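Colleague: Heads up: the sequence lines are chains A and B, in that order.
Using the working numbering, the first residue of the first sequence is number 1, and each one after it goes up by one.
Using the working numbering, the first residue of the second sequence is number 119, and each one after it goes up by one.
Protein chains: 2
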Amino acid sequence: MEKVNLAQKLTLFNDHWHPRIVGELNDSHVKLVKVQGEFVWHHHDHEDELFLVLNGRLHMQFRDHAVWLEAGEFIIVPRGVEHRPVAPEEVHLLLLEPKSTLNTGNVMDEKTAVAEWI
Amino acid sequence: MEKVNLAQKLTLFNDHWHPRIVGELNDSHVKLVKVQGEFVWHHHDHEDELFLVLNGRLHMQFRDHAVWLEAGEFIIVPRGVEHRPVAPEEVHLLLLEPKSTLNTGNVMDEKTAVAEWI
Numbered sequence: 001m002e003k004v005n006l007a008q009k010l011t012l013f014n015d016h017w018h019p020r021i022v023g024e025l026n027d028s029h030v031k032l033v034k035v036q037g038e039f040v041w042h043h044h045d046h047e048d049e050l051f052l053v054l055n056g057r058l059h060m061q062f063r064d065h066a067v068w069l070e071a072g073e074f075i076i077v078p079r080g081v082e083h084r085p086v087a088p089e090e091v092h093l094l095l096l097e098p099k100s101t102l103n104t105g106n107v108m109d110e111k112t113a114v115a116e117w118i
Numbered sequence: 119m120e121k122v123n124l125a126q127k128l129t130l131f132n133d134h135w136h137p138r139i140v141g142e143l144n145d146s147h148v149k150l151v152k153v154q155g156e157f158v159w160h161h162h163d164h165e166d167e168l169f170l171v172l173n174g175r176l177h178m179q180f181r182d183h184a185v186w187l188e189a190g191e192f193i194i195v196p197r198g199v200e201h202r203p204v205a206p207e208e209v210h211l212l213l214l215e216p217k218s219t220l221n222t223g224n225v226m227d228e229k230t231a232v233a234e235w236i
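#1: Quick check on DSSP: helix, strand or coil for alanine 125 of chain B?
#2: Report yes or no: is there a C-beta of chain B within less than 7 Å of the C-beta of proline 88 of chain A?
#3: Anyone know if the C-beta pair for proline 88 of chain A and glutamate 47 of chain A falls short of 7 Å?
#4: Have a look at the DSSP bridge pairing and note the partners of phenylalanine 39 of chain A.
#5: Pick helix, strand or coil for proline 137 of chain B, following the three-state DSSP scheme.
#6: Let me confirm a value: methionine 178 of chain B is counted as buried when at least 16 other C-beta atoms fall within 10 Å, else exposed. Which label applies?
#7: Let me check understanding here. Comparing Cα to Cα, which of A:Lys34, A:Phe39, A:Asp15, A:Met1 lies closest to glutamate 82 of chain A?
#8: Starting from the C-beta of alanine 231 of chain B, find all residues in its chain whose C-beta is less than 6 Å away, skip the five residues before and the five after it, and write them out in chain order.
#9: Along chain B, in chain order, which residues have C-beta atoms closer than 7 Å to that of aspartate 126 of chain A?
#10: Can you give me the start and stop residues for the beta strand (DSSP E) that phenylalanine 13 of chain A sits inside?
#11: Residues of chain A with a CB under 7 Å from the CB of glycine 190 of chain B: which are they?
#12: State the Cα-Cα distance for the pair lysine 31 of chain A and alanine 71 of chain A, rounded to the nearest angstrom.
#13: Residues in the same chain with beta-carbon distance under 7 Å from leucine 54 of chain A, minus the five sequence neighbours each way, listed in chain order, please.
#14: In this structure, does DSSP put methionine 226 of chain B in helix, strand or coil?
#15: Hey, leucine 50 of chain A and isoleucine 76 of chain A are a contact pair by Cβ (cut 8 Å); roughly how many whole angstroms apart?
#16: Mark alanine 184 of chain B as exposed unless 16 or more other C-beta atoms lie within 10 angstroms of its C-beta, in which case mark it buried.
#17: Using a Cβ-Cβ cutoff of less than 8 Å, which residues in the same chain neighbour glycine 141 of chain B once the five nearest sequence positions on both sides are dropped?
#18: According to DSSP, is methionine 60 of chain A helix, strand or coil?
#19: Grab the span of the beta strand (DSSP E) containing proline 78 of chain A for me, first residue to last.
#20: Would asparagine 132 of chain B be called buried (16 or more neighbouring beta carbons within 10 Å of its own) or exposed?
#21: Going straight from the alpha carbon of tryptophan 235 of chain B to that of aspartate 227 of chain B, what length do you get?
#22: Say whether chain B places a C-beta atom closer than 7 Å to the C-beta of valine 35 of chain A.
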């Protein structure tokens, strides 16, 4: 039962699109990820996902619209909804999602990555 | 599927110890709460709870130790663990917990409050 300092955890890795686990509660993981560039279009069949921007500016794209998220803003993507995060510049995100969640959802891609604890 | 700006939501209420719901995903709610003073000792039989400090400084007390949480830090209190949040000055928190969670857990108290959506 230790506290987690988000800024300190963010110093521990620098690669993009590779989530790290920093907490678990109930059936979910709290993750941190650094992203830059375009992700792959995907959805999650059984999991809702929360994206909270800690630093930077994220363009969350859906098939019929898109949303810019600034630091201190979050969006929840319901299960089944196709989405693609795009980050023209580096963005630091906090993710909350069920432990079963794979980052690329229904797609296997070069960006598919297994999250590890840090 | 709208984004949520945490700072904007925090302008919508000013009372203490009364959580507001700002998001739902899977079986959980994302809540915001402003606290000041001492809460009641309690635990939750079936729910783990995440406390993320957005503004201010929270003293999370357990029966055998206590932790100061600053802005940008979170702690997860596992089910069954007695805890008491104390805030000498006002603190703004983001909470993540199962929808079934009552703020005072196993205790009915004057601070017991039902969270509403904002």
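Backbone N, C-alpha and C fix where the C-beta goes; we use that ideal spot for every residue, glycine too.
From a predicted model like this one, the values you see are computed outputs, not experimental measurements.
Modeller: According to the structure data:
#1: helix
#2: no
#3: no
#4: Answer is none; phenylalanine 39 of chain A lacks a bridge partner.
#5: coil
#6: buried
#7: A:Phe39
#8: His136, Asn221
#9: This structure cannot settle anything about residue 126 of chain A, because the visible part of chain A is limited to 1 through 118.
#10: Note, phenylalanine 13 of chain A: premise wrong, no beta strand (DSSP E); not H, not E.
#11: Asn5, Leu6, Ala7
#12: 16 Å
#13: Leu6, Ala71, His92, Leu93, Leu94
#14: coil
#15: 5 Å
#16: exposed
#17: Val122, His147, Val148
#18: strand
#19: Run containing proline 78 of chain A: none; DSSP gives neither H nor E here.
#20: exposed
#21: 22 Å
#22: no
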